[in-house]
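Inspection log for the structure reproduced underneath, given as structure tokens.
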Amino acid sequence: MTAFLLVVAAVPAAAASGAALRVLTFNIHSGIGMDGRLDLARTAGVITGSRADVVGLQEVDVHWSARSGYADQAAELARRTGMELFFAPIYDKDPEPGRAERRRYGVAVLSRFPIRRAVNHTITRLSTVDATPLGPMPGFAEAELEVCGRVLRFFVTHLDHRPDPAVRTTQVGDMLRVLGPGVLAGDLNAGPSAAELRPLFDKLPPTGVDGATFPADAPDRRLDYVLSTLAPVTTRIPVERVASDHRPVLATVQLP
């Protein structure tokens, strides 16, 4: 499975002082808002408006289908935000008839700091596209960022959405075999009290999980998190009701 690393810029944000890092996680719903309108400029506006240094994105289309105009959303968001990009596809499909581009869908990292190394790890998935059995698939992104002369490991994930927690339980175990000191951003598709997330929270303790993130127009559950082995972490949920079906989560992570 191919992943993509794109260097657009390496402009340190305010966090370059070494004091803190602003981290955003955002399930962008392929740029389609609660109003049913595709508007990637609006998506980019949420990211830039957050003044995040590092961003984890989920549900990113790259030439995927007509729903997103066959656009390379990852590259377009990198261009609009002036950030470096690592795109980690979950799905990588043959082109549709009459088109040349491979169809990809997955997660992405945007960073104002240089991305020195990136890996698209596999975790267990039950495909939502193919009638395939449970098995390992890519889409668990890791990027090593150069922050103030140090390396920060930044991970992005998107866990299974089904009510049955069995797949998420296995996915958490898969992630724990990869995770190390650093920051994890993602749509975990489960609430803070979910038993399947407990082993993950034992390693990366959650903070500020009282707010809800889904659905964006009237959120009643928490699905999205920024977790870190670095302490302390403060989080807030920007009031964004339209740009996606999820609200973003913005965290401030103190650097050691």
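Numbers -15 to -1, 1 to 241, taken from mature numbering (1 follows the signal peptide of the UniProt record, and there is no 0), label the letters of the sequence shown in order. Every residue, glycine too, gets a C-beta built ideally from N, C-alpha and C. On a predicted model such as this, the values are computed, not experimentally measured, just so you know.
Three-way DSSP call (helix, strand, coil) for residue i in this model
i           : result
Gly134      : coil
Gly21       : coil
Asp57       : strand
Ile32       : helix
Met160      : helix
residue 261 : No statement about residue 261 is possible, as the shown extent of the chain runs from -15 to 241 and does not include it.
Ala(-3)     : With a pLDDT of 44 at Ala(-3), under the threshold of 50, the predicted position of this residue should be treated as unreliable, though the coordinate-derived value follows. Ala(-3): coil per DSSP, three-state reduction.
Gly120      : strand
Leu235      : strand
Leu9        : strand
Thr214      : coil
Ala73       : strand
Ala126      : strand
His14       : helix
Ala228      : coil
Arg52       : helix
Ala26       : helix
Leu42       : strand
Arg207      : coil
Leu240      : coil
Residue i burial status per 10 Å Cβ neighbour count (16 or more: buried)
i           : result
Ser35       : buried
Gly67       : exposed
His146      : exposed
Pro184      : exposed
Ser15       : buried
Leu161      : exposed
Pro241      : exposed
Val136      : exposed
Phe(-12)    : Low confidence applies to Phe(-12): its pLDDT is 48, below 50, so where it sits in the model is not reliable, and the reading given next is rough at best. Looking at its Cβ environment, which holds 16 or more other Cβ atoms inside 10 Å, Phe(-12) is buried.
Gly21       : exposed
Asp57       : buried
residue 253 : Nothing in the structure corresponds to residue 253, since the chain is present only between -15 and 241.
Gly41       : buried
Arg84       : exposed
Ala63       : buried
residue 321 : For the chain, the structure presents residues -15 to 241; residue 321 sits outside this window and is missing.
Pro148      : exposed
Pro204      : buried
Ala180      : exposed
Thr(-14)    : Unreliable placement is indicated for Thr(-14), whose pLDDT of 47 sits below 50; no coordinate value is reported for it.
Ala236      : buried
Ala26       : exposed
Ala103      : buried
Within-9 angstroms CB hit, residue i to chain C
i     : result
Pro82 : The displayed structure is made up of one protein chain only, and chain C is not part of it.
Assumed close pair residue i, residue j - CB separation to whole angstroms, cut-off 8 angstroms
i           : j      : result
Ala128      : Ser96  : 7 angstroms
residue 244 : Val238 : Any property of residue 244 remains undetermined from this structure, which presents the chain solely from -15 to 241.
Gly18       : Ser229 : 6 angstroms
Asp172      : His231 : 7 angstroms
Phe11       : Val39  : Contact flag wrong, Cβ pair sits at about 12 angstroms.
Ala175      : Leu208 : 7 angstroms
Tyr210      : Pro233 : In fact, because the Cβ distance is near 11 angstroms, the residues do not count as touching under 8 angstroms.
Val157      : Leu189 : That pair is no contact at about 11 angstroms.
Pro177      : Leu130 : With 8 angstroms as the limit, Pro177 and Leu130 do not qualify as a contact, their Cβ atoms being about 27 angstroms apart.
Ile13       : Thr28  : 5 angstroms
Ile108      : Asp77  : Wrong, their Cβ atoms sit about 16 angstroms apart, outside the cutoff.
Fill in: Contained alpha helix (DSSP H) runs [length at least 4] in the segment 163 to 205, N- to C-terminal order
The segment 163 to 205 contains, as complete alpha helix (DSSP H) runs of 4+ residues, the segments 183 to 188 (chain order).
Worksheet item: Should the segment 214 to 228 be called in touch with the segment 187 to 204, which here means at least 3 C-beta pairs below 8 angstroms?
Response: yes
Worksheet item: Touching or not, the segment 154 to 170 and the segment 129 to 141, by the rule of three or more beta carbon pairs under 8 angstroms?
Response: Judged by Cβ distances under 8 angstroms, the segment 154 to 170 makes contact with the segment 129 to 141, as three or more pairs qualify.
Worksheet item: Using 8 angstroms as the threshold, is the segment 67 to 85 in touch with the segment 144 to 164, meaning 3 or more CB pairs across them?
Response: no
Discussion item. Whether or not the segment 78 to 96 and the segment 35 to 53 are in contact is what I'm after, with contact meaning three or more pairs of Cβ atoms, one per stretch, closer than 8 angstroms; do they touch?
Written reply: yes
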